[in-house]
Amino acid sequence: MAEPAWVKVQEKTFTRWVNTYLVERMLKVESLQTDFGDGLMLINLLEIISSKSFPKYNKQPRIQMQKLENLTFALKFLESEGIKLVSIDSNSIASGNLKLILGLIWTIILRYQIQVSNGASARQDLLDWVRSKIPEYNINNFMGDWQDGKAICALAEAVLPGQMNLPRDFSNDAVKNANMGMKKAKDNMGIPEILDAEDMVYNPDELSNMTYISYFRDYLDLESRKKDEELAERTPVPAKCLAYGPGVEPGNEAGIETYFTIEAINARGQRVTGPPYPHQFPVKIVGPAGEVPSETVNNNDGTYRVTYLPTVQGNHSIEVTFKGNHIQKSPFQVYVNPSRPDPVKCRCYGPGLESAEAHAPAEFTIEAVNRLGDRITNGGHPFHVDVVDPYDVRTPANIVDNHDGTYTVSYHPTDPGDHIVHVSLGRDKVADSPYKVPVGWNSNMACPHLSYAEGPGLEPGHKNTEPGVFTIYAVKPDGTPQTNGGDLFDVHIEDPNKELIAPKITDNGDGTYNVEYQPTLPGAYHIDVIQRNPEKPLFYDHVKNSPVDINLVPGTDPSQTIAYGPGLEPGNSDTKPAEFTIRAKDVLGNDIKEGGDPFDVKIDGPSGPVAAEVKDNGDGTYTVTYQPEEAGPHDLAVTLDDVHIKGSKFHVDIKPGAWPEKSTIENYTFVVRTVDRKGRNKLFGGEKVEVVVARPSGSLIENVKVDDQRNGTYKVSYKLDGEELGNYQVSVMINGEHISGSPFIQSVV
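Residue numbers are given in our numbering: position 198 of the sequence shown equals residue 267, and the series is strictly consecutive.
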């Protein structure tokens with residue numbers, strides 16, 4: 070069975086009404102019949118429209134029990150708000166009972182929009198209000214009397230005149246008339262079109278029409294409240310209004326104009342800022358000598374500036390009222406002090422404001438003067454001096470009260486450069502403060518920007534194994550050499566691995582400083598030559614040619630250098646020269662490719678030193694030659710700059726060798742070849758072969774042996790052991806006759 074027309078109209082209107090609130094949370098209902106089923110939309114609607122929060126509910130209901138529980142929370146909330154619910158429970162909503170749901174929405178509309186608790190009186194109250202606005206239309210209901218579309222136009226014009234020209238703008242089309250009124254209400258009054266013009270004309274529903282028409286009454290109520298609020302915002306409340314500023318605070322001085330501010334505050338605690346500004350705050354000031362004139366200026370922003378000039382010392386009473394009532398804390402009791410120095414009139418002078426030198430005291434004078442330009446002759450005034458160096462660091466300043474109105478100020482600059490001297494009295498700067506004071510380098514000390522360093526230790530090309538040496542030359546600010554020591558020079562050296570090398574710095578006492586450092590590795594070195602601030606040693610300046618970056622070539626490292634060759638090995642004799650090689654290497658073990666290293670070789674033999682010759686081959690190798698003088702253990706020390714090379718000392722055992730000049734032939738042998746008469750070699754023995762060896766003295770050598778080899782040859786052997794020197798005669802005979810050439814002469818020397 071189809072739903073009655075009023076149900077469809079009501080569902081459509083109430084759905085739009087609900088969505089005008091849910092849009093605040095970016096929510097929207099598509100169907101009242103189904104979208105309230107889990108209770109979430111209903112709870113959100115009630116929280117928004119009541120401005121109250123539900124203590125708890127199921128924010129993600131998944132099962133039916135959780136959904137019913139949410140709906141129960143919503144219905145109990147309405148009951149707690151004093152709304153009587155009839156014939157509806159959580160099951161009715163969950164099951165989608167549209168008529169009961171529409172009834173629930175109407176109940177909510179009555180309570181929170183039409184704002185009455187009795188439906189009958191709500192209808193009559195709203196009807197009476199409509200009749201009071203458009204009596205000429207004789208409206209008696211919320212159904213048929215609105216079907217021509219003219220009444221809604223007339224109501225919109227009555228609530229906000231000037232939107233339409235009635236009745237001239239009316240047409241014979243009722244829907245067109247209704248649309249015109251609804252559109253004007255939306256555009257000019259912000260009334261949402263929750264009701265279709267066609268439904269008002271063709272299918273009028275009393276509750277839908279009442280809901281829509283109630284927006285017009287709400288608009289007037291809202292406008293009335295706005296006017297009341299605007300009036301309250303523009304109206305100061307004496308008990309909340311304030312006065313503040315130096316004129317109502319301690320510290321004022323006789324003879325000096327002062328001021329304070331009055332701030333108009335409304336009932337909400339807000340400043341009254343909107344125009345117009347008709348409010349007047351009478352001010353009455355009474356001092357020891359009577360009433361003190363004052364002037365009040367409206368700042369046109371809800372504040373008023375009051376100025377007055379106290380002429381005598383003592384208590385002053387200040388009354389500030391609005392419409393006869395004292396503002397907050399009025400009357401104010403203010404004690405006015407005697408005349409004091411005027412910061413603008415006071416004077417500062419002296420060399421410490423003109424120029425200064427670093428590390429030397431600088432002085433100047435402050436002279437206290439009152440606002441009339443007269444010198445003050447007593448002390449005790451709170452002058453303050455701040456000195457700021459070029460690095461924005463405060464330099465201490467000492468102020469001595471001379472008790473005659475003058476103050477001697479001294480400060481001690483520690484850096485050259487412009488110093489800013491701030492002189493203040495209380496919160497105000499004095500005279501021409503701040504002063505820019507140029508501070509130069511101390512004339513008795515070295516100037517880092519003119520001082521310099523030079524020497525081989527700052528030049529490229531020398532070896533990492535050699536000490537780096539250079540000299541720092543101190544120069545005064547005027548460009549002349551410093552002749553005394555004591556300047557705080559320092560040197561910072563980084564090796565290729567960014568490791569620091571500690572240098573030795575010697576103050577020569579004549580303005581020069583010797584620097585020596587021992588490099589570690591070959592490669593890039595970064596050298597900073599600096600002059601430290603004697604009073605702030607952590608701060609420094611580079612000398613004029615610093616920093617210096619140099620590259621050190623590899624030098625010979627004794628600990629990596631090796632020696633090798635037969636002269637260091639077993640088997641050498643004392644009769645032959647021995648030789649070995651030195652191979653120069655750098656600290657990383659790489660071969661040195663050039664000569665020039667002063668290697669020293671010392672050899673200790675069994676009976677003392679043995680001379681050694683070192684030959685530089687020019688390619689990083691060195692040939693060492695030595696002649697052992699006797700057999701036995703020899704110690705060889707190979708050093709470079711008194712440092713032993715790798716493996717040194719070397720130990721070599723020298724063996725005895727044969728000495729030619731003293732060597733002799735102890736056993737002599739020769740062969741006698743026998744030949745027959747025809748000159749043919751004999752091939753058998755048996756001949757009588759005799760050999761006689763006669764000494765130079767004529768005596769004969771004994772034990773001369775002749776062995777018959779049985780092949781026609783005879784082996785002859787004899788021994789000369791410790792014999793005489795000179796010519797020996799060797800006679801060889803066969804069968805008693807000398808052979809060819811016999812006797813032979815043998816010389817022994």
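Glycine included, every Cβ here is placed at the ideal spot set by N, Cα and C. Because the structure is a prediction, the values reported are computed rather than measured.
Output needed for residue 802: all residues of its chain with C-beta closer than 6 Å, excluding positions within five of it in sequence on either side, in chain order. Against the sequence shown, residue 802 aligns to sequence position 733. Closer than 6 Å at Cβ, skipping near neighbours: 759.
How many Å lie between residue 83 and residue 367 at the Cα? Counting from one through the sequence shown, the residue named residue 83 turns up at place 14. Counting from one through the sequence shown, the residue named residue 367 turns up at place 298. Cα-Cα distance, rounded: 53 Å.
Which complete beta strand (DSSP E) runs does the segment 365-431 hold, if anything under 3 residues is left out? 372-377, 383-391, 401-406, 416-418
Which class does residue 104 belong to by DSSP, given the choice of helix, strand or coil? Here the question's residue 104 lines up with position 35 in the sequence shown. Three-state result, residue 104: helix.
From 407, 461, 475, pick the residue whose C-alpha is nearest to that of residue 436; which is it? By one-based count along the sequence shown, residue 436 stands at place 367. The option with the nearest alpha carbon to residue 436 is 475.
Residue 443: which of 242, 764, 120, 408 sits nearest, CA to CA? The residue labelled residue 443 in the question sits at position 374 within the sequence shown. Nearest option by C-alpha distance: 408.
Which runs of the beta strand (DSSP E) at least 3 residues long sit entirely within the segment 482-563? Give them in chain order. 486-494, 504-509, 521-523, 537-542, 558-563
Can you confirm whether the segment 635-653 touches the segment 692-699 when touching is taken to mean that 3 or more C-beta pairs between the two stretches lie within less than 8 Å? yes
Which of helix, strand or coil does DSSP assign to residue 433? Stepping through the sequence shown from its first residue, residue 433 is reached at position 364. Strand.
Are there 16 or more other CB atoms within 10 angstroms of the CB of residue 187, so buried, or fewer, so exposed? Your numbering for residue 187 matches position 118 in the sequence shown. For residue 187, the predicted structure reports a pLDDT of 47, less than 50, and the residue's modelled location is therefore unreliable. A value from the coordinates is still provided. Residue 187 should be labelled exposed.
Does the segment 549-564 touch the segment 496-503, meaning 3 or more C-beta pairs lie closer than 8 Å? no
Rounded to a whole number of angstroms, what is the C-alpha to C-alpha distance between residue 255 and residue 214? Within the sequence shown, numbered from 1, the residue matching residue 255 stands at position 186. Within the sequence shown, numbered from 1, the residue matching residue 214 stands at position 145. About 21 Å.
Pull up the DSSP beta-bridge partners for residue 694, would you. Within the sequence shown, residue 694 is the residue found at index 625, counting from 1. Beta-bridge pairing links residue 694 to 648, 682.
Between residue 578 and the rest of its own chain, which residues show a CB-CB distance below 6 Å, the 5 nearest in sequence each way excluded? Start at 1 with the first residue of the sequence shown, and residue 578 comes out as number 509. For residue 578, where only same-chain residues beyond five positions count, the Cβ hits under 6 Å are 554.
Cβ pair residue 638, residue 675 closer than 8 Å: Taking the sequence shown and counting its residues from 1, the one referred to as residue 638 is at position 569. Taking the sequence shown and counting its residues from 1, the one referred to as residue 675 is at position 606. The answer is no: Cβ separation not under 8 Å.
Other residues of its chain near residue 93: CB distance less than 8 Å, five sequence neighbours each side excluded: Indexing the sequence shown from 1 puts residue 93 at position 24. Within the same chain, residue 93 has close Cβ partners 117.
With DSSP collapsed to three states, give me the class of residue 239. In the sequence shown, counting from the first residue as 1, residue 239 sits at position 170. Residue 239: coil per DSSP, three-state reduction.
Apart from the five residues on each side of it in sequence, which residues of its chain come closer than 6 Å, Cβ to Cβ, to residue 77? Taking the first residue of the sequence shown as 1, we reach residue 77 at position 8. So the list is empty, once near-sequence residues are dropped.
Can you give the Cα-Cα distance for residue 724 and residue 680, rounded to whole angstroms? What you label residue 724 is simply residue 655 of the sequence shown in a count that begins at 1. What you label residue 680 is simply residue 611 of the sequence shown in a count that begins at 1. Their backbone Cα atoms lie some 18 Å apart in a straight line.
Mark residue 421 as exposed unless 16 or more other C-beta atoms lie within 10 angstroms of its C-beta, in which case mark it buried. In the sequence shown, the residue the question calls residue 421 occupies position 352. Counting Cβ neighbours within 10 Å, residue 421 comes out buried, since at least 16 surround it.
What residue does the alpha helix (DSSP H) around residue 223 start on, and which one ends it? Your numbering for residue 223 matches position 154 in the sequence shown. Per DSSP, residue 223 belongs to the alpha helix (DSSP H) from 219-228.
Measuring straight from C-alpha to C-alpha, what distance separates residue 537 and residue 468? The sequence position of residue 537 within the sequence shown is 468, counting from 1. The sequence position of residue 468 within the sequence shown is 399, counting from 1. Spanning the two alpha carbons is a distance of roughly 51 Å.
Here's the rule I'm using: 16 or more other beta-carbon atoms within 10 Å means buried, otherwise exposed. How should residue 472 be labelled? Position 403 of the sequence shown, counted from the first residue, corresponds to residue 472. Under this definition residue 472 is an exposed residue.
Using alpha carbons as the reference points, say which of 349, 413, 423, 788 lies closest to residue 304. Translated into the one-based positions of the sequence shown, residue 304 becomes position 235. With distances taken between Cα atoms, residue 304 lies closest to 349.
Cβ neighbours of residue 448 in the same chain (closer than 6 Å, five flanking residues each side left out): As a working mapping, residue 448 is identified with position 379 in the sequence shown. Result list for residue 448: 470, 472, in chain order.
If you compare alpha carbons, which of 783, 702, 753, 423 is closest to residue 742? Taking the first residue of the sequence shown as 1, we reach residue 742 at position 673. Out of 783, 702, 753, 423, 783 has the C-alpha closest to the C-alpha of residue 742.
By the three-class DSSP mapping on this structure, what secondary structure does residue 249 have? In the sequence shown, counting from the first residue as 1, residue 249 sits at position 180. The answer is helix: DSSP assigns residue 249 an H, G or I state.
Cβ of residue 559 within 8 Å of Cβ of residue 609? Taking the sequence shown and counting its residues from 1, one reaches residue 559 at position 490. Taking the sequence shown and counting its residues from 1, one reaches residue 609 at position 540. Contact: yes.
DSSP beta-bridge partners for residue 160? Locating residue 160 in the sequence shown gives position 91, counting from the first residue. Beta-bridge pairing links residue 160 to no other residue.
Tell me the rounded alpha-carbon separation between residue 193 and residue 183. Taking the first residue of the sequence shown as 1, we reach residue 193 at position 124. Taking the first residue of the sequence shown as 1, we reach residue 183 at position 114. When rounded, the distance between both Cα atoms is 12 Å.
In angstroms, rounded to a whole number, what distance separates the CA positions of residue 127 and residue 144? For this step, residue 127 is matched to residue 58 along the sequence shown. For this step, residue 144 is matched to residue 75 along the sequence shown. Residue 127 and residue 144: Cα-Cα distance of roughly 15 Å.
Are three or more beta carbon pairs between the segment 560-570 and the segment 586-601 nearer than 8 Å? yes
In this structure, how does DSSP classify residue 613 when only helix, strand and coil are distinguished? Within the sequence shown, numbered from 1, the residue matching residue 613 stands at position 544. Here residue 613 sits in coil by DSSP.
Is the CB-CB distance between residue 532 and residue 623 below 8 Å? For the purposes of this step, residue 532 is taken as residue 463 along the sequence shown, with counting starting at 1. For the purposes of this step, residue 623 is taken as residue 554 along the sequence shown, with counting starting at 1. In contact: residue 532 and residue 623 (Cβ atoms closer than 8 Å).
Just to confirm my understanding: we take residue 316, look at its own chain, exclude 5 residues before and 5 after, and list those with CB closer than 8 Å. What are they? Start at 1 with the first residue of the sequence shown, and residue 316 comes out as number 247. Excluding positions up to five away in sequence, the list reads 327, 328, 329, 375, 376, 377, 387, 403.
Could you say if the segment 602-619 and the segment 569-578 meet the contact criterion of at least three C-beta pairs nearer than 8 Å? no
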